[in-house]
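Undergrad: Take this structure, written in structure tokens, and hold onto it; I'll ask about it next.
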Amino acid sequence: MVFVIDDDDSVRRSLERLLRSVDLEVQTFSSAREFVSVPVPDRPACIVLDLRLPGPSGLELQESLIQERREVPIVFISGHADVPSSVRAIKAGAIDFLQKPFSDQALLDIIQRALRNDREARKERAELAAIRQRFDTLTPRERDVLGLVVQGRLNKQIAGDLGISEKTVKFHRGRVMEKTQAGSVAELVRQSDRLGLWPQA
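Under the numbering used here, think of the first position of the sequence shown as 1247, with each following residue one higher.
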């Protein structure tokens, strides 16, 4: 899905024809306000966004989407671009910034890159959500054991740290591995790291 936001009707029609010619689904909008009133579908998408718009500008829309955590890749286009605006857009996460006029192929290549990035980002978010959901099933004691395991502590050391028997540590450790679906301690460490847990490990 590609959202085209440009106040120039001829640009919108031209881009819509181009994108539909390569079998991309397109929705066009004449302003940022018009776009934000429409729910973003839960599938790979990107925004082709004009820098200068009536009402909120393209940069202001980008900032608003970031604040609302609506993570959609943005390709800026503009006939009035300046270096500070370009730098600001890219620093805020825009995929690219094209100066009008641009070639059809240049835009299509960038859009494909944006859609690929969004597909990968969505996959990553889904994987993280699944890991987090599994970690949320751990009991407080299992989380204590997990924290020490990922720090490289041995069962005997964990038992001493927590004031429990080594047998109990082994039981909790087994439950942690089962609940998190980690096939090894290395995988458990990787999962913890992806969630940003115990950075000192």
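In this text, a Cβ means the ideal position worked out from N, Cα and C, and glycines have one as well. In this text the structure is predicted, and so the values were computed from the model without any measurement.
Would you mind working out which of Pro1300, Phe1381, Lys1369 and Leu1408 sits nearest Ser1438, comparing C-alpha positions?
TA: Here residue 1438 is taken as the residue at index 192 of the sequence shown, counted from 1. Among Pro1300, Phe1381, Lys1369 and Leu1408, the Cα nearest to that of Ser1438 is on Phe1381.
Undergrad: Using only alpha-carbon positions, find the residue among Arg1419, Leu1311 and Phe1275 that is nearest to Gly1398.
TA: Position 152 of the sequence shown, counted from the start, is the residue given in the question as residue 1398. It is Arg1419.
Undergrad: For Ser1487, which three-state DSSP category applies?
TA: The structure shown does not extend to residue 1487, since the chain is modelled only from 1247 through 1447, so no value can be given for it.
Undergrad: Please name the residue in Lys1337, Val1294, Ala1405 and Arg1298 whose C-alpha comes closest to that of Phe1322.
TA: Within the sequence shown, residue 1322 is the residue found at index 76, counting from 1. Closest by alpha carbon: Val1294.
Undergrad: Gly1442 to Asp1390, Cα distance in whole Å?
TA: Residue numbering aside, residue 1442 sits at position 196 when the sequence shown is read from its first letter. Residue numbering aside, residue 1390 sits at position 144 when the sequence shown is read from its first letter. Roughly 16 Å separates the two Cα atoms.
Undergrad: Taking three-plus beta-carbon pairs below 8 Å as touching, is the stretch 1405 to 1416 in contact with the stretch 1365 to 1375?
TA: Because the criterion of three Cβ pairs below 8 Å is not met, the stretch 1405 to 1416 and the stretch 1365 to 1375 do not touch.
Undergrad: Between the C-alpha atoms of Gln1358 and Arg1279, what's the straight-line distance to the nearest angstrom?
TA: Position 112 of the sequence shown holds residue 1358. Position 33 of the sequence shown holds residue 1279. Straight-line Cα distance between these residues: approximately 26 Å.
Undergrad: Do you know offhand how far Ala1405's Cα is from Leu1394's?
TA: Here residue 1405 corresponds to residue number 159 of the sequence shown, with the count starting at 1. Here residue 1394 corresponds to residue number 148 of the sequence shown, with the count starting at 1. For Ala1405 and Leu1394, the distance between alpha carbons rounds to 10 Å.
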